[in-house]
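The structure under discussion appears below in the form of C-alpha cells.
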Amino acid sequence: MSEPPKNTAKIEIRSLRKSFGSNEVLKNISLDVAKGGVVALIGPSGSGKSTLLRCINLLVVPDGGSVRVGDTSFQFGEGAKLPDVKTLAKFRTTTGMVFQHFNLFPHMTTLQNVMEGPVTVRRMAKADAEKLARAQLAKVGLAEKADQYPATLSGGQKQRVAIARALAMEPDVMLFDEATSALDPELVGEVLAVMQRLASEGMTMVIVTHEIAFAREVADRLIFMRDGVVVEEGPARQVIDNPQEAATRAFLSHFHRTGALPPANAAP
Amino acid sequence: MYQWDFGILWSYRWLFLNGLGVTVGFTVVIVVLGLVFGLFGAFGSLSRFKAVRLLALTFIEAFRCTPILVQLIWFYYALPILAGVEMTPITASALALSLYGGSFYSEIIRGGIISIDKGQSEAGAALGMTPGQSMRRIVLPQAIKRMIPALMNQSIIQFKNTSLVSVLAVPDLVYQSQVAAHDSYRPLETYTAVAVAYAAILIPLTILVRRGEKRLAVSE
C-alpha cells in the first residue's frame, strides 16, 4: 500500500477515471500539488471538480488511475483490490475536508465538534483534545463560542468551526469543497480570511471554488475543468488574467476576476 | 335493564393483579427482545451485503404481513413440529410477539438512520472514522432522538398485543378475567373492568409520548 514518494509533490493523481452509471464524470485526470501548494479547481457545475476533490480523500472511490497523498498511494481499476474500511479511515486522517454545507454535528457543541476527531479517531485523552480544540477554535476566532451548539451560529461561523474541526486532526492537506458557496455574501469574507491565513502558513490545499478573485489572490495554481477533463491549467494569475482556451475565457467572463477580496469583518 | 354489580369483582382482585403482573412482565420482555430483533433487522436491511439485506427484509415482511394471532398459533402448534423443539405457551408467545414487534421496530430504526443527512456520515468519514465509529458517534445519537416517539408508540401497541396470548392459555390479565367471568357469571363487569385497566395504564403513557414528540419538534 505504501511506497516512498518519487518526487516532491504532496498530492499526485494519475489517469483518474470515475463514472456514475453511464455518466463519465472524470476522464483521465492527472494532477500534482506541491507541498505547501494551493491549487484552485474551477469550472461550471457538473464539470467534475467536486468529484475530483472527493477522490483525493477517497470519499468517492475512483474507477481507475492512482491517488497518492504523502506516502500513501492507491491504485484503482482492473485487478486492483479496493482498500478496506480501516485503511481508508487511516488514510483520511491525513486529509482534512471542509464541505459546502458545513456538516457540523448538530448534537454536539462547537467544542465537542472539534474534539470529536482527536478523541474518537486519534484516541487522544479528553483533556489534551480539549486543549487542542480550544486552540483551533481560537485560531478561527471562535474561542468564545466553544459551548454553543452549531444551530446558534451564523453560516460563516459554522464554516470556521468546520475548518477548526478538520485542522484538529492535524492533516497534511486540506480539501475545500465550495466552502463559501452556501454563505450569505457578507459572511464569505471571514471564511476566506481563515483560508488565506492557512495558505500563508504553508498548508497544502486544494480548493474547489467560485471565488475567482480569491483564487487569483491565494492559489498558486489554477485548474479549469469542464465535462470531466482539465481544459487549462497554470499559475493562477496567468490563467485568470490571460486564459488561453476559449472555454476558459467564456467561463471566466461571468466573474469579476480582480479587485479586493470580500472584507473579513468578523475574522480576528 | 341489566343490574351492574362491580362489587363482586373485589373477591377476584388477586387473580386480576396476578394477570396484570403477567401482562406487564410480558410486555417488558417482548419490548426488550423486540428491540434486539429490531436492531438486527434494521442493520441487516442496511447491510453492504445483498444476501444479508435480503434475509433481513424477508424477516421483516414475513412478520409485518401476517396477523399476530396467526403467528401466535403457528409458533405454538406448527413450529415445534417443524423444528422438533417443545415450547411452553409462554416461550412460544414471547418469541412470536418479540419477532412481530421486532419487524416493526426494524422499520422504525431503519427509517431513523436513513433520515440522517448523508453529509453527517461523510463528515465523520472525512475525519478518519470507520463506518462503525461514525454510526455510533454521529448518526445513531441523532437518529435515536427521532426514533423515540415511534418506538414508544409501537411499544404501546405491543402492550395491547399481549392480550392475545390468552389464546395459548398464558395467564395474563385477559386470561384471568375469563376465569373470573366464568366463575362469577358476571362477564359484563369483568370485561369492562379489564378494558378500564388497560386504558388506565395506556392513556398516561400516550400523553407522555405526545409530550415527548412536542419536545422533539422544539429541539430540531
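Those sequence lines, one after another, are chains A and B. Counting from 1 along the first sequence, just add 24 to a position and that's the residue number in the working numbering. Counting from 1 along the second sequence, just add 3 to a position and that's the residue number in the working numbering. Glycine is no exception: its CB is placed at the ideal position from the N, C-alpha and C atoms.
- Within the same chain, Cβ atoms closer than 8 Å to the Cβ of S118/B are found at A146, R149, the five residues on either side in sequence being excluded.
- The CB of V84/A never comes closer than 7 Å to any CB in chain B; the least such distance is about 10 Å.
- Beta-bridge pairing by DSSP links F44/A to N47/A.
- Note on geometry: alpha-carbon atoms of P174/B and G22/B lie some 6 Å from one another.
- The Cβ neighbour count for A172/B, taken over all protein chains shown within 10 Å, is under 16; the residue is labelled exposed.
- DSSP places M150/B within a helical segment (H, G or I) once states are collapsed to three.
- The three-state secondary structure of K34/A, taken from DSSP, is strand.
- Scanning the segment 101-172 of chain A for uninterrupted beta strand (DSSP E) segments of 3 residues or longer gives 119-122, listed from N- to C-terminal end.
- Classified as exposed, G45/A has fewer than 16 neighbouring CB atoms from the shown chains inside 10 Å of its CB.
- Of the residues T96/A, R240/A, T117/A, K105/A, the one whose Cα lies closest to the Cα of R189/A is T117/A.
- Close to H125/A, with beta-carbon spacing below 7 Å, are these residues of chain B in chain order: G122.
- Residue-level contact by beta carbon holds for H131/A and chain B, with a gap shorter than 8 Å.
- Uninterrupted alpha helix (DSSP H) stretches at least 4 residues long and entirely within the segment 52-82 of chain A occur at 73-80, given in chain order.
- Within 7 Å of the CB of T204/A, no CB atom of chain B is found; the nearest one sits about 17 Å away.
- Proximity of G215/B to chain A, defined by a Cβ-Cβ separation below 8 Å, is not satisfied.
- Exclusion of the five residues before and after Q181/A leaves L166, K169 as the residues of its chain whose Cβ lies within less than 7 Å of its Cβ.
- Ranking Y188/B, Q157/B, L191/B, I151/B by CA distance to the CA of R214/B puts I151/B first.
- T69/B carries a coil assignment under DSSP once its states are collapsed to helix, strand and coil.
- In the DSSP secondary-structure assignment, P259/A is bridged to R245/A.
- Per DSSP, S14/B lies in no alpha helix (DSSP H) segment and is marked neither H nor E.
- Per the Cβ contact rule, the segment 127-139 of chain A is in contact with the segment 148-166 of chain A (3 or more Cβ pairs under 8 Å).
- Residue-level contact check: M121/A touches chain B, since one or more beta carbons of chain B fall below 8 Å from its beta carbon.
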